[in-house]
Amino acid sequence: MHNFSFKNKILLILLLPIVTILILSSNILYNKIKEQNSIQKTKEYLNFSIQADVLLTKLEEERELSLIYLDSYGKKQKNELFDTRDKTNKRIFDLKEFIKTFDKTKYSIEVSKNIDDLNKKLNEINNIREKMDGFSLNSDNLFDYYTNVIDKLFVLINEVLTYSNDGELSRKLQAYISIGRIVEESSLERRLLREIFEKNQLTNQDYFKFSSSISIQNIFLELFKKVATKEQIKILEKQNNCFECKEVLKFRDVIYNKSKIDEIIFKIKELSGFDGFIHSFKDYLLDGDSKFQNKMQKYHTSILREINKYRRMDDITKEEKKILKEIKKVFDNYMGSSLDIMDYKAQGKTRDEIVALIKVDDSAAIKGLNTLSKNIYRADAQKWFEVSSKRISVFNSLSDDLANDIKKYMNKKINDLESEFVVHIIFILIILIALFIISTFMTRKIITSISTFKEGLNEFFLYVIKEKDNLKPMEVKGKDEFAQMTMNMNEQVEKIENIIEQDKKVIVEIYDVVEKVSNGFFEYKINQKAGTAEVESLREIINKMIYYTKIKVDNINKVLDNYALGKYKFRLSEEEKIGMYGDFGTLSTGSVLLGQSISQLIAMITNAGKELESNTITLSESSQMLSQSSNEQAASLEETAASIEQITGNMKSSSKDVVVMLNIADELNSSALSGNVLATKTSSSMDEINEKVSAISDAISIIDQIAFQTNILSLNAAVEAATAGEAGKGFAVVAQEVRNLANRSADAANQIKKLVEDATIKSNEGKNIANDMINGYENLSLKIVDTKNIIDNVSTAIKEQEHGMIQINDAINLLDEMTQKNALTSSNIDMLSKEVATLSTRLLGITQKSEINDKYYNMVDDVDLIQNISKYKNDHINFKKTYFETLGSFEFSRVKDCKSCNLGRWIAESESMNKDFVKSSEWIKLKEVHFSVHEKVQNYLDLSANKEENKVLKEAAKEIEDATTKIFSSLNDIAVVNTKFIRN
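Position one of the sequence shown corresponds to residue 54 (our numbering), numbered consecutively onward.
Here it is in structure tokens:
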């Protein structure tokens, strides 16, 4: 890429957008097709929702008429009810027919289940109607059935929102659903107020239901206004101004006023009752104390205030005014009687005489209060039913308009998508052609502008590095981006010249010191005094930051220096740990984790080296035994070869003298038996060779596995050393040397393995030849016996035997050659085993130079667990870092639960698997400290969000680091416990 010309790079840059455009265009076209399918799917479900909404409207109407019919024992709304039932049945039939053609598999399982549940409920409607007609069903059960069916329809209708990925469509659907909910709540309101007006009584429960219904309607009205179009809102407002809607509001005011009236009546009764007006009057009558008269006056004023409040209410009837007048008159009479009592007292009359003279009739007030409390004035159940039904019809009409509007929108959307698809294809082709045409022109223009800008930029760099004292503004050509860049560069040059003159000395020194610090030198500080308070404050803050940062860096370097010397037991003192919190705490615990990981690696290498040393001893002994067996086999083969040569010579002599042949045949028979014994021994030796070769192969596999594991461990060590930076270079050399030794061991093992495989093949061939020899010797013995019996054919038999003995002699020679090779191979194996032993000794020597806790040798048997433990330690370092990054916002946040992190899930998984170490006391301690880490981090976040003092935050941060150190120690203890179980 660096060797490309700038022109080619620009062409490549231009090519990448073209490719990107092609990819994005393909994605857009795919999304358009996907959107078409989604809209079609939504359209199908919308048709289903509209069918369901039509049925829902009829069910709401049938529910209300059924309740009126049932409550009147069949005297009211009979004809209207049966007519509505017929319409409802038709809608049910239409919906069921639609469901038959409706593909439920395109939608969620929940939709399919809800449709099935709806069918079951609709199938029960005839049974419900029969019970209602027979008056064997109460109104509550009837209401519950219809409401349950309506709720199921609403659930299915609301589901249409989940299948819309178009914002405008979603708003229209939400408006449609909102009107449907308003209709349902209006139906419930119609029933509720009808029952209230019929029983002429408003209970607290009824008023609560009424208020809830109004609130829900208002909520959905507001929701409708938010998602509906301006035109739809105007239609709604126009419909809300209809006569019926205004009448509905008047009837609602009747309920509201009734609630207020009940409060006023209750207040009047409370003021006039116990310890109130009447009670004070009696006390004054009996005692004559003026304080009771004053209390009467106070209560009387409060009662009149409540009566006047009632009078000022809108649309109060003449009857109510008359009753209020009677009530007021009674309380006024009481006040007049109190004045009479005062006059009688002045006249010197006794209490009994005054009691006999004072008589007040309050029955009119009691009767009036009860009448006002028990009656709802201006309530007309029949008229309410009519106007509320007409209002519901208005909303149903609006719902139908919305449904038609949605259908039109969806059809238009589908047509628009098809048109957009074609337009996109044409547009993409035009774009590609245009890009291709202007690429050359753009390339030339950009190269020219870049060259000009480059010259100006070089001049600017010379000025920045002080090779030039003055800088001329770059020439601006044109108005494109390069011209703007040039103008911006000129402006920045002018700003830089002004900034240099302001606090130049301090800024230069700050720049110099910060540069040194950024290079890793924290020994510097800013000595020059600033001319302004702000810069001086900046200087002092920077000096303090450098000083405290240096202390922390020195402490971390102290840890890493000891690690570099192989002292992995080293830990900072408690005094040195002060201030090592937050990000530095994370770095500190990270260095501790590094030391623990290296210690674990050294322990693994040491344990593996010891095991390798033991295995090489076994391999050496096996190779020596193989060499000895091969030598013995070679000696046996030499004896066999000599015997074969002797037999061959005897057979040649026998062909000259048949008579002498019989004697020679006896000798030959004896020799054949001896050869058979030797061949059997040869076969046995071959079997032993095969066994030794298998043992060598197994040992080589162990060496190869050890080399592979050593290589993996060295690679992990190299990664950890690289992470440690400069401090880890020494250990990186050790890791590289270990990896080289592992690679050499693996190569040697592979060579031995190949030689062993060749030896196995040759040994098997030798065994087959020995078996052939045994068979040959047996045949030879038979021939000798036959020679004695058939003397005439002895000459021919001797010749055949002679030819066979020649072949046997060749086979013996080949077997002897293979045996020599086996002996050489065993010698090579012995040499390699000694070399591997030397390597393992060097490996142990390297690891012994490092100082680690003996505990690590007893915790690294389970490599997977060690890796997981290291991961969980690192996870909790990152866990702290993740939440510390949010501290600057000072917002409250909730840390992840200790059971939800990787360590928490591992704890739960280990307990569910009932692993051995979960029963230990160390496991209980691990769970406690793990919970503590999450708790301490949460505590710090809360304190930070509350902007507590730094002293408090510092103490909380210290607790976090202490808890982190404890969880590291607890995880190591679990590894030790696990290793004990493995070794036992």
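A virtual CB, placed ideally from N, CA and C, is assigned to each residue, including glycine.
### Message
Looking only at its chain, what residues have a beta carbon closer than 7 Å to the beta carbon of aspartate 928, apart from the 5 residues adjacent to it on each side?
### Response
Cys954, Asn955 and Leu956
### Task
Could you check how far apart the C-beta atoms of leucine 1056 and leucine 195 are, in whole angstroms? I think they sit under 8 Å.
Beyond the ends of the chain as shown, which are 54 and 1037, falls residue 1056; an answer cannot be given.
### Task
Pull up the DSSP beta-bridge partners for lysine 620, would you.
Glu904
### Unbroken alpha helix (DSSP H) run spanning isoleucine 235, endpoints
220-252
### Query
Can you list, in chain order, the residues of its chain whose CB lies under 7 Å from that of leucine 377, leaving out five sequence neighbours each side?
Ile360, Tyr363 and Arg364
### Query
Is DSSP giving valine 413 helix, strand or coil here?
coil
### Query
Within this structure, are the beta carbons of arginine 247 and alanine 434 separated by less than 7 Å?
yes
### Boundaries of the alpha helix (DSSP H) in which aspartate 393 is found, first to last residue
371-399
### Neighbourhood of lysine 989 by C-beta, 6 Å cutoff - its chain only, sequence neighbours within 5 removed
Glu1012, Ile1013 and Ala1016
### Query
Would you call the CB atoms of phenylalanine 273 and isoleucine 235 closer than 7 Å?
yes
### Task
Keeping to the same chain, check which residues put their C-beta closer than 7 Å to that of phenylalanine 970; ignore five residues upstream and five downstream.
Trp976, Ile1027, Val1030, Asn1031 and Phe1034
### Message
Please report the straight-line C-alpha distance between asparagine 684 and asparagine 866, rounded to a whole angstrom.
### Response
15 Å
### Query
What did DSSP end up calling lysine 532 once you bin it into helix, strand or coil?
coil
### Query
What first and last residue would you give for the alpha helix (DSSP H) that runs through alanine 1066?
Here the chain covers residues 54 to 1037 and nothing more, so residue 1066 does not appear.
### Query
Where does glutamine 270 land, buried or exposed, given buried means 16+ other C-beta within 10 angstroms?
buried
### Query
Can you tell which of Asp614, Thr215 and Glu1008 has its C-alpha closest to the C-alpha of leucine 996?
Glu1008
### Query
For isoleucine 805 versus leucine 918, is the C-beta distance shorter than 7 Å?
no
### Message
Quick check: what's the CA-CA separation for lysine 605 versus asparagine 511?
### Response
41 Å
### Query
Whose C-alpha, out of Lys630, Ser650 and Ile651, is nearest the C-alpha of serine 641?
Lys630
### Message
Relative to the C-alpha of isoleucine 407, which candidate in Lys465, Leu470, Ser442 and Gly341 has its C-alpha closest?
### Response
Gly341
### Query
histidine 856: buried (16+ other C-beta within 10 angstroms of its C-beta) or exposed?
exposed
### Query
If you pair each beta-carbon of the region 492-505 with each one of the region 95-115, do three or more pairs fall below 8 Å?
no
#### Entry: Own chain partners of alanine 1010 with C-beta closer than 7 Å, once the 5 adjacent residues on each side are dropped
Tyr634, Gly635, Gly638 and Tyr993
### Task
Tell me where the alpha helix (DSSP H) around serine 355 begins and ends.
343-364
### Task
Take alanine 801 as the anchor and find which of Thr872, Ile882, Met858 and Glu818 has the nearest alpha-carbon.
Ile882
#### Entry: isoleucine 81 versus asparagine 610 - alpha carbon distance
55 Å
#### Entry: Beta-carbon gap between methionine 527 and glycine 509 smaller than 7 Å
yes
### Task
Note down, in chain order, each residue of its chain lying with its Cβ closer than 7 Å to the Cβ of methionine 1058, except the 5 sequence neighbours on either side.
The structure shown has nothing for residue 1058, since the chain only spans 54 to 1037.
### Task
Determine the DSSP secondary structure at tyrosine 83, reduced to helix, strand or coil.
helix
### Query
Is the number of C-beta pairs between the region 562-572 and the region 584-601 that are closer than 8 Å three or more?
yes
### Task
Compute the distance between the beta-carbons of alanine 536 and valine 546, then report whether it is under 7 Å.
no
### Task
Report the option in Lys225, Ile74, Phe135 and Phe151 whose CA atom is closest to the CA atom of phenylalanine 101.
Phe151
### Task
Determine the burial state of glutamine 681: buried for a count of at least 16 other Cβ atoms within 10 Å of its Cβ, exposed for fewer.
exposed
### Query
Under three-state DSSP, which class holds threonine 403?
coil
### Message
By the three-class DSSP mapping on this structure, what secondary structure does tyrosine 993 have?
### Response
helix
### Task
Have a look at aspartate 414 and phenylalanine 384 and give me their C-alpha separation to the nearest angstrom.
10 Å
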